[in-house]
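**Q** Let me give you the structure first, and then I'll get to my questions.
Protein chains: 2
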Amino acid sequence: MKVRVHVSLKPGVLDPQGRAVHHALEGLGFAGVHEVRVGRTIELEADEGTSDALLTEMCEKLLANTVIENYRIERVAA
Amino acid sequence: MKVRVHVSLKPGVLDPQGRAVHHALEGLGFAGVHEVRVGRTIELEADEGTSDALLTEMCEKLLANTVIENYRIERVAA
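In the order they appear, the protein sequences are chains E and W. Counting along the first sequence from 1, when you hit position 49 you're at 102 in the working numbering, and nothing is skipped either side. Counting along the second sequence from 1, when you hit position 8 you're at 61 in the working numbering, and nothing is skipped either side.
If you want it as structure tokens, here you go:
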């Protein structure tokens, strides 16, 4: 079973990496971009029947820093 | 207009970050995970009517390293 965990910075949290990408886009001449934020996606190949509760626990304990990050769990159809 | 660019390592490319996450999950007692791969998501707030061609150019030139990474452009409904 494939599971994707999307982790993104909470609104209001400064994102220097996003800033840097934005700045680089402008430097390359791409003018129509107003904001850039960078998150990460963790793709897990997990046992069939892995419960939502277990996935949530993985996120809370390791995959996301819940002080500054939000996460979203997505089960991907095989 | 919000655009998400999903960047992931191509199959076969070694992913040490994914390995580390997998190892850490096992260390925490999560046994049912077989593989972990880590990618990133770049969220752009762009002008309405930014073309697919322009977004593709951003990916090719800056956002993804196309030698080792795949990317997927997703327009997010407002």
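Note that beta-carbon positions come from the ideal geometry of N, C-alpha and C, so glycine has one too. Just so you know, these numbers come straight off a predicted model, no measurement behind them.
1. Confirm, please, whether the CB-CB distance from I95 of chain E to V129 of chain E is below 8 Å.
2. Taking only beta carbons into account, state which residues of the segment 106-124 of chain E come closer than 9 Å to chain W, listed in chain order.
3. Which chain W residues sit within Cβ distance under 8 Å of E98 of chain E?
4. Span of the beta strand (DSSP E) holding G92 of chain W?
5. Is the beta carbon of V91 of chain E sitting closer than 8 Å to the one on D68 of chain E?
6. Is the beta carbon of A99 of chain E closer than 8 Å to that of G85 of chain W?
7. Ends of the beta strand (DSSP E) at V79 of chain E?
8. Under the three-state reduction of DSSP, which class applies to K114 of chain W: helix, strand or coil?
9. Does at least one heavy atom of the ligand ADP sit under 7 Å from the Cβ of R125 of chain E?
10. Assuming L81 of chain E and K55 of chain W make a contact with CB atoms under 8 Å, what is their CB distance in whole Å?
11. For H76 of chain W and G102 of chain W, I'd like the C-alpha separation in whole angstroms.
12. Whose Cβ in chain E lies nearer than 8 Å to the Cβ of L67 of chain W?
13. Apart from the five residues just before and just after N123 of chain W, which ones in its own chain have a Cβ nearer than 7 Å to its Cβ?
14. Taking the beta carbon of V74 of chain E as the centre, do at least 16 other beta carbons fall within 10 Å, making it buried, or is it exposed?
15. Please determine, among E:E88, E:R57 and E:M111, the residue with the shortest C-alpha to C-alpha distance to R72 of chain E.
**A** Considering the structure as presented:
1. Sequence index remark: in the first sequence, residue 129 of chain E carries index 76 (1-based). Sequence index remark: in the first sequence, residue 95 of chain E carries index 42 (1-based). No. Outside cutoff.
2. L107, E110, M111, K114, L115 and L116
3. Reading the first sequence from its first residue, position 45 is the one you call residue 98 of chain E. The answer, in chain order, is V86, H87, E88 and V89.
4. Along the second sequence, one-based indexing puts residue 92 of chain W at 39. It spans V86 to A99 - the beta strand (DSSP E) in which G92 of chain W sits, taken as one unbroken run.
5. As a working mapping, residue 91 of chain E is identified with position 38 in the first sequence. As a working mapping, residue 68 of chain E is identified with position 15 in the first sequence. Yes. Within cutoff.
6. Translated into positions along the second sequence, residue 85 of chain W becomes position 32. Translated into positions along the first sequence, residue 99 of chain E becomes position 46. Yes, they are a contact pair.
7. Here residue 79 of chain E refers to the residue found at position 26 of the first sequence. The sequence given here places Glu at residue 79 of chain E; Val does not occur at that position. Not the beta strand (DSSP E): E79 of chain E falls in the alpha helix (DSSP H), residues P69 to G80.
8. Residue numbering aside, residue 114 of chain W sits at position 61 when the second sequence is read from its first letter. The three-state secondary structure of K114 of chain W, taken from DSSP, is helix.
9. The model depicted lacks the ligand ADP and carries no ligand whatsoever.
10. On the first sequence, residue 81 of chain E is found 28 positions in, with the first residue counted as 1. On the second sequence, residue 55 of chain W is found 2 positions in, with the first residue counted as 1. Contact doesn't hold; Cβ gap of about 21 Å is too wide.
11. Counting from one through the second sequence, the residue named residue 76 of chain W turns up at place 23. Counting from one through the second sequence, the residue named residue 102 of chain W turns up at place 49. One C-alpha to the other measures close to 44 Å.
12. Position 14 of the second sequence, counted from the first residue, corresponds to residue 67 of chain W. Simply none; closest approach about 15 Å.
13. By one-based count along the second sequence, residue 123 of chain W stands at place 70. S61 and K63, listed in sequence order.
14. Stepping through the first sequence from its first residue, residue 74 of chain E is reached at position 21. Classification of V74 of chain E: buried, given that the 10 Å Cβ count is 16 or more.
15. Translated into the one-based positions of the first sequence, residue 72 of chain E becomes position 19. The shortest Cα separation from R72 of chain E among E:E88, E:R57 and E:M111 belongs to E:E88.
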